[in-house]
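Undergrad: Chains as they are written, first to last, in the working numbering: chain A, 5 to 184; chain B, 5 to 184.
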DNA sequence: TAATTTGTACAATAAAAATTAAACGTTTTG
DNA sequence: CAAAACGTTTAATTTTTATTGTACAAATTA
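1. Could you pull out every residue in the same chain whose Cβ sits closer than 8 Å to the Cβ of residue 107 of chain A, ignoring the five residues on either side in sequence?
2. Determine the burial state of residue 73 of chain A: buried for a count of at least 16 other Cβ atoms within 10 Å of its Cβ, exposed for fewer.
3. Does the beta-carbon of residue 156 of chain A have 16 or more other beta-carbons within 10 angstroms, so that it is buried, or is it exposed?
4. Using a cut-off of 8 Å between C-beta atoms, extract the partners of residue 76 of chain A located in chain B.
5. Just the Cα atoms here: how many angstroms apart are residue 61 of chain A and residue 99 of chain B?
6. Let's see if you can read the secondary structure: which residues bound the beta strand (DSSP E) around residue 92 of chain A?
7. In the structure shown, what three-state DSSP assignment does residue 51 of chain B receive?
8. Per the DSSP calculation, residue 81 of chain B is bridged to which residue(s)?
9. Using a Cβ-Cβ distance under 8 Å, would residue 112 of chain B count as near chain A?
10. So, does the segment 72-87 of chain A touch the segment 30-44 of chain A, judging by three or more C-beta pairs under 8 Å?
11. Within 8 Å (strictly less), CB to CB, does residue 18 of chain B reach chain A?
12. To which residues of the same chain is residue 132 of chain A closer than 8 Å at the C-beta, ignoring the five residues directly before and after it?
13. Restricting to runs no shorter than 3 residues, where is the beta strand (DSSP E) found entirely within the segment 87-138 of chain B?
14. Would you say residue 184 of chain A lies against chain B (beta-carbon separation less than 8 Å)?
Quick look at the structure:
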């Protein structure tokens, strides 16, 4: 059957679209998602030009997208002997991708808020104990409490992030569903 | 001290900016983040107009932002007796917000991919067993394997999402850091 | 019931982001 | 060493997204 290969291609396109849309949910551009999808189904490493042809984008765009995918480690670069071009393959382990992506966000979040907290905390502590303005004292105390709550939130997310990263989480949530 | 209140205001602004930036990481617009930040530090429920004045945006914009914040349950609507306007307060529990947001994304992701899988699976199964075209059979088999891997990925994320939602996760990752 | 107030919908505008074409610096090849 | 091949950078363009002003419907008030 000549058309069977085409049918497989069609099925792949459906799945590639779904993968791209999924990635859009998490904030990447549709093009980046599409490229990852194409690489996901590629039977062998693809060069920039291979990808460019398949997704019909400019080389510059593909190059930028690849940088993003490499940064998040959803794609890795490989060398093909005898070929000067860079080649790329998709990291197919969704769980690994998910964890990479997610841990990065959690750390970024913590870093942002903690930086602000460190700036605000001494000011608020000073005012909450020393100010002669009662309303300022009250406001400062309230804010300090919120601030401390946020710290314990990060304590929690960091425990989660660490266990996601080092695999401890799989003690509680094993990868393999029990067969029956 | 007259200026102490101003210092508290400044400290709040720093933290509001950090909160907004954090939310941007997770894909919301800076304006939405800013509004949440303002509500986070509000001492009482605020009306649309209150918010509009404080963030210097159009009423339409604030209204749209509120819809988004209500959908993700980061903000809730409350009624103030004797006032016709709607009033809003921020859900301050970061952990709750995080879980809400996150579980939603995981479910959305699963739904998208599963829909594509359901479309592709029967086609691929047919080809992989019945096709007379060997290369099509091989490709289809390969794709089916990937597809099954993705299903077990979702099995995992759904176990996690459910436990996040129903609080079981706190058995393994308790909220309170042990005091010492 | 007419006049106000409130929140939202909608079309138009403004702002931001992604995409491209062209130029550039490196590296490789002949 | 000159020419060609790669991949990236840059500035300009296109596309997308967010924001606004205006108009509207529903509810309230006088």
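A virtual CB, placed ideally from N, CA and C, is assigned to each residue, including glycine.
TA: According to the structure shown:
1. In chain order, 165, 168, 169 place their CB closer than 8 Å to the CB of residue 107 of chain A, counting only its own chain and leaving out the 5 sequence neighbours on each side.
2. buried
3. The residue is exposed, with fewer than 16 neighbouring Cβ atoms inside 10 Å.
4. What residue 76 of chain A touches in chain B: nothing, since even the nearest Cβ is about 13 Å away.
5. 41 Å
6. 90-94
7. strand
8. Answer by DSSP bridge pairing, in chain order: B:92.
9. yes
10. yes
11. yes
12. 141, 144, 145, 148
13. 90-94
14. Residue confidence is low: residue 184 of chain A scores 49 on pLDDT, short of 50, so the model does not pin down where it sits. No coordinate-derived value is stated.
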